[in-house]
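In the working numbering, each residue's number is its place in the sequence shown (first place is 1) plus 138.
Following: one structure in structure tokens, then a few remarks.
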Amino acid sequence: MVPRERAKGGRAMSVTLRQIAEETGISISTISRVTTGKGYVAEETRKAVEEAIERLNYARRKPLPQVRKDNDDVVMIMVGGIRSSLAAHIVEQLVQELNKKRKRSFMAITNFSPERERSYLKFAADNHFFGIISMTITETPETLSMLRNFPCPLVMVERYLPSMDNDCLRSDCYRMGFLGAEYLIENGHTKIGFIGGSRDSTITQDKKTGFMDCMLSRGLAPREEWIIHMDRLIYENGIDVANQLMALDDRPTALVSSNDISVSILNELISRGVRVPEDISICNCEDSQMATHCQVPLTSMRVDFSRMAADAVKTLCRRRRQPSMPRSQLIYNPQLIERHSVQNLVTGRNAAEN
Numbered sequence: 139m140v141p142r143e144r145a146k147g148g149r150a151m152s153v154t155l156r157q158i159a160e161e162t163g164i165s166i167s168t169i170s171r172v173t174t175g176k177g178y179v180a181e182e183t184r185k186a187v188e189e190a191i192e193r194l195n196y197a198r199r200k201p202l203p204q205v206r207k208d209n210d211d212v213v214m215i216m217v218g219g220i221r222s223s224l225a226a227h228i229v230e231q232l233v234q235e236l237n238k239k240r241k242r243s244f245m246a247i248t249n250f251s252p253e254r255e256r257s258y259l260k261f262a263a264d265n266h267f268f269g270i271i272s273m274t275i276t277e278t279p280e281t282l283s284m285l286r287n288f289p290c291p292l293v294m295v296e297r298y299l300p301s302m303d304n305d306c307l308r309s310d311c312y313r314m315g316f317l318g319a320e321y322l323i324e325n326g327h328t329k330i331g332f333i334g335g336s337r338d339s340t341i342t343q344d345k346k347t348g349f350m351d352c353m354l355s356r357g358l359a360p361r362e363e364w365i366i367h368m369d370r371l372i373y374e375n376g377i378d379v380a381n382q383l384m385a386l387d388d389r390p391t392a393l394v395s396s397n398d399i400s401v402s403i404l405n406e407l408i409s410r411g412v413r414v415p416e417d418i419s420i421c422n423c424e425d426s427q428m429a430t431h432c433q434v435p436l437t438s439m440r441v442d443f444s445r446m447a448a449d450a451v452k453t454l455c456r457r458r459r460q461p462s463m464p465r466s467q468l469i470y471n472p473q474l475i476e477r478h479s480v481q482n483l484v485t486g487r488n489a490a491e492n
């Protein structure tokens, strides 16, 4: 048996793995696997080492704290797609704000698939992301069930789930639809159409409700064929809308439209000899760089998305620190920016010149 050495003053010196090896005839590497609990060791050998450790009063070292191999500085930005200039702009603003907080951004593009949305949500939770800022979530029973006990902080931007109480920041889309119709009516229009996104989109539903409420309050009812829905409000889909409008015997004199599709409709109508705004006026619900640089600059409604992005990141950070804090619901009012795409039918002049 190896006697424990004593330092000056009579205090026992620490027993080493080498001493245990000499005591048992077992290799140091095997003894190390026993003391750390890592790696396979035969039960008989393990028992012999444990007995020697007890006999020699070996002081096991406390394991060093493990560095968490997670992603607690990563924020997932989940978006249906970035072909829309509005979506790309919001993502850019979010990334800038996350950089200020020294957070890394993880882009998750779902192509508006509920299955992909759930897959990305699970990925963020399983990999311990700091949180998620989502611009797209489809309200399905499976997704709602997942979100009810979801462990990862989630903030929604320009989307919301009516059946769930979650942190949400969005434009006042009801106000956009109402304001667009009101502005056109004030400029003498009564035959007004509405171009919206998917019927399942809460954003489109809010815009359409605002639009219809304004029209009905003035005793106006748009014809069914003047209400056109597209799955996505991207530039390419404007051609299809223009085709539907050109096929009408009785066309609206004005449209409330949204996003990049407004620019495409305008350009396509002009290419077919329709004058904007003299023949058809367009009021666009979301301002963008494209809206200012098209053939006829679009009268649009502007929301401060840089502020919305900053508030979204702040909300996510607060939710991370205080999981039980009250839910945040922030709604941003639109501002009408007059340009040159609306004609005043009373004066016969461009509305921006009145």
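All residues carry an ideal CB built from backbone N, CA and C; glycine is no exception.
For residue i: DSSP bridge partner residues
| i | result |
| --- | --- |
| residue 214 | 244 and 270 |
| residue 471 | Paired residues: none, contrary to the question. |
| residue 481 | 488 |
| residue 309 | 470 |
| residue 420 | 393 |
Cβ neighbours of residue i in the same chain (closer than 7 angstroms, five flanking residues each side left out)
| i | result |
| --- | --- |
| residue 298 | 306, 308 and 340 |
| residue 371 | 222, 335, 396, 397, 398 and 399 |
| residue 196 | 153 and 158 |
| residue 183 | 164 and 168 |
| residue 191 | 158 |
| residue 304 | 292, 294 and 465 |
| residue 319 | 330, 349, 352, 353 and 394 |
| residue 492 | 482 and 485 |
Secondary structure of residue i, DSSP reduced to three states
| i | result |
| --- | --- |
| residue 385 | coil |
| residue 441 | coil |
| residue 294 | strand |
| residue 367 | strand |
| residue 398 | helix |
| residue 488 | strand |
| residue 358 | coil |
| residue 157 | helix |
| residue 333 | strand |
| residue 446 | helix |
| residue 280 | helix |
| residue 239 | coil |
| residue 528 | Coverage of the chain is limited to positions 139 through 492, which leaves residue 528 absent and any answer about it impossible. |
| residue 432 | coil |
| residue 170 | helix |
| residue 326 | coil |
| residue 405 | helix |
| residue 164 | coil |
| residue 175 | coil |
| residue 411 | coil |
| residue 257 | helix |
| residue 350 | helix |
| residue 315 | helix |
| residue 193 | helix |
| residue 275 | coil |
| residue 152 | coil |
| residue 300 | coil |
| residue 226 | helix |
| residue 188 | helix |
Among the options, the one whose alpha carbon lies nearest that of residue i
| i | options | result |
| --- | --- | --- |
| residue 474 | 439, 460 and 483 | 439 |
| residue 374 | 347, 404, 453 and 251 | 404 |
| residue 172 | 162, 358 and 188 | 188 |
| residue 407 | 426, 385, 428 and 242 | 385 |
| residue 448 | 278, 468, 430 and 282 | 468 |
| residue 412 | 425, 460, 367 and 381 | 381 |
| residue 238 | 170, 455 and 337 | 455 |
| residue 156 | 242, 273 and 194 | 194 |
| residue 426 | 180, 462, 227 and 220 | 227 |
| residue 360 | 342, 240, 323 and 450 | 323 |
| residue 452 | 301, 270, 161 and 162 | 270 |
| residue 219 | 229, 181 and 264 | 229 |
| residue 161 | 457, 240, 186 and 181 | 186 |
| residue 462 | 362, 287, 296 and 487 | 287 |
| residue 248 | 343, 457 and 259 | 259 |
Sequence-distant residues of the same chain with beta carbon closer than 8 angstroms to residue i, five excluded per side
| i | result |
| --- | --- |
| residue 483 | 325, 326, 327 and 391 |
| residue 472 | 309, 310, 313, 314, 317, 423, 439, 440 and 441 |
| residue 460 | none |
| residue 435 | 429, 477, 478 and 479 |
| residue 410 | 380 and 384 |
Anticipated Cβ contact below 8 angstroms, residue i with residue j, distance rounded
| i | j | result |
| --- | --- | --- |
| residue 225 | residue 213 | Rounded, the Cβ-Cβ distance is 17 angstroms, inconsistent with contact. |
| residue 262 | residue 290 | 5 angstroms |
| residue 419 | residue 379 | Between residue 379 and residue 419 the Cβ distance is about 15 angstroms, and since that is not below 8 angstroms, they are no contact. |
| residue 284 | residue 256 | 6 angstroms |
| residue 281 | residue 300 | The Cβ separation is near 13 angstroms, so there is no contact. |
| residue 367 | residue 337 | 6 angstroms |
Own chain residues within Cβ distance below 6 angstroms of residue i, not counting five before or after
| i | result |
| --- | --- |
| residue 402 | 373 and 376 |
| residue 365 | 332 |
| residue 437 | 421, 476, 477, 479 and 480 |
| residue 231 | 443, 444 and 447 |
| residue 489 | 325, 480 and 482 |
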